[in-house]
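Position 245 (the sequence shown) corresponds to 274 in the numbering used here; numbering is contiguous. These notes are about the structure you will find just below.
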Amino acid sequence: MVSNITFSNLQQILIRAPLCYYYSSQKSACLQEISSSYLHRLGPGQLPFEHSITNHDSTSFIPCMLIPHGAYCDSGPLYAHGYYWINSFVFDTALIIGTNHGGMGSSNVSLSPDNWQTPLGVMEIDTDLFNTLISVLGIQTIDREAHRTEHSIENQLPFLKHLRPKAKFVALSFSRLNDLNQGYKVCEQITKAINLYRQQTGKRLVIISTTDYTHYGPGYGQIRAENLSENEEHARIHDKPIIQSILSNDPERLLQTQWTTQNSMCGLWPSLIVMILSKILNNNQGHWKLLCYNVSSEVMNSGKDVCGFASLVYSNTL
């Protein structure tokens, strides 16, 4: 049974202040960064508003994305591919799944109870979805501290606010889980909550999850990695089997590949969770597609360090 816990009897909604570590804190500059990402030579080539919402009006399919959370200056065009794609869907709310880089907070599955400020305005929490999630996952998952200094979810919000000014969201972060069985259990709970939320509200939902891939170069601890082209090739080689694992939609394969290669992706569990959710929520009626992959130096060459970035989507069309 789903409990009758409600948001109103737990705590007051606050506004989380933005970090703005990876994009401009000024509205005009942030808008320029987003627009430039769409129009970049590695981006979609046009703004999403020039691409009409026509072809994905299904009320049953829940689209999912797995996109970067790096700086807009070196991964913005890859964000843009994902948000350009998601613009073809009608939706009211986004469940955004991020990683917990610093391991802050008291839970390895953490929900934010707050609205979040962005340079483009406040992103409001969907209290209906939040209430339903905590009624299934438990109030111990409410954890402001896990989100206070974490950027992976925050970095999605300016793009989302730009695309859908009236959309709401819920922020859900993951630290390392014990094993994949725990991951499946959590996903079963999330699925239960989402199905109940949709039945009760009729709202349409998208799921946005986030990871970056190989981090390599002197700044990441490989002090002898001074050749940029070799560093780029290192990232591509090490990211290829990870991307292939995601495209296979096989969470066990991804976990084994990451363990075997020791790939330095910083969103393993958000990746595994969205892979599991995409299959369960959509009755396996879809497939993962790679929209784009680049290393950071292809977007902006700023030294010897590189990071692998990709945008992948779970689609019900070819």
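Where a beta carbon is used, it is the ideal one built from N, C-alpha and C, also for glycine.
Where residue i falls, given that 16 or more other Cβ within 10 Å makes a residue buried
| i | result |
| --- | --- |
| SER37 | Because the pLDDT of SER37 is 46, which lies under 50, any placement of that residue in the model is unreliable, and the question is left without a value. |
| ALA109 | buried |
| ARG45 | buried |
| ASN292 | buried |
| VAL335 | buried |
| PHE78 | exposed |
| ARG227 | buried |
| THR147 | buried |
| ARG193 | buried |
| SER32 | Bear in mind that a pLDDT of 41 at SER32, under 50, signals an unreliable position, so the model cannot answer this. |
| LEU347 | exposed |
Within-8 Å CB hit, residue i to chain B
| i | result |
| --- | --- |
| ARG45 | The structure shown contains no chain B, having only a single protein chain. |
Residue i versus the options, residue with shortest Cα-Cα distance
| i | options | result |
| --- | --- | --- |
| ARG265 | ILE275, LEU283, THR243, GLU255 | THR243 |
| ASP208 | LYS190, ASN137, GLN146 | ASN137 |
| ALA200 | THR220, GLY296, LEU140, LEU306 | LEU140 |
| GLU262 | LEU48, TYR322, LEU206, LYS232 | TYR322 |
| THR220 | MET304, ALA196, HIS191, SER258 | MET304 |
| ILE63 | LEU149, SER293, ARG282, SER340 | LEU149 |
| ASN386 | THR161, ILE168, PRO92 | The structure shown does not extend to residue 386, since the chain spans only 30 to 347, so no value can be given for it. |
| VAL119 | THR290, LEU48, GLN285, PHE90 | PHE90 |
| TYR343 | LEU76, LEU310, LYS269 | LEU310 |
As assigned by DSSP and simplified to three states, the class of residue i
| i | result |
| --- | --- |
| SER54 | coil |
| THR346 | coil |
| TYR242 | coil |
| ALA200 | strand |
| ALA254 | coil |
| THR128 | strand |
| CYS216 | helix |
| MET133 | coil |
| CYS336 | strand |
| HIS316 | strand |
| VAL119 | coil |
| MET94 | strand |
| LYS44 | Checking the sequence, you will find Ile at residue 44 rather than Lys. ILE44: strand per DSSP, three-state reduction. |
| LEU234 | strand |
With a cut-off of 8 Å, do at least 3 Cβ pairs link the region 64-75 to the region 238-258? no
If we count Cβ pairs, one from each stretch, closer than 8 Å, do we get three or more for the region 271-280 versus the region 177-187? no
Inside the region 140-185 only - alpha helix (DSSP H) runs reaching at least 4 residues: 156-166, 174-177
May I ask you to verify whether the region 115-135 touches the region 160-179, counting CB pairs closer than 8 Å and requiring at least 3? yes
I'd like to know if the region 233-243 and the region 96-103 are in contact, where contact means that at least 3 CB-CB pairs between them fall below 8 Å. yes
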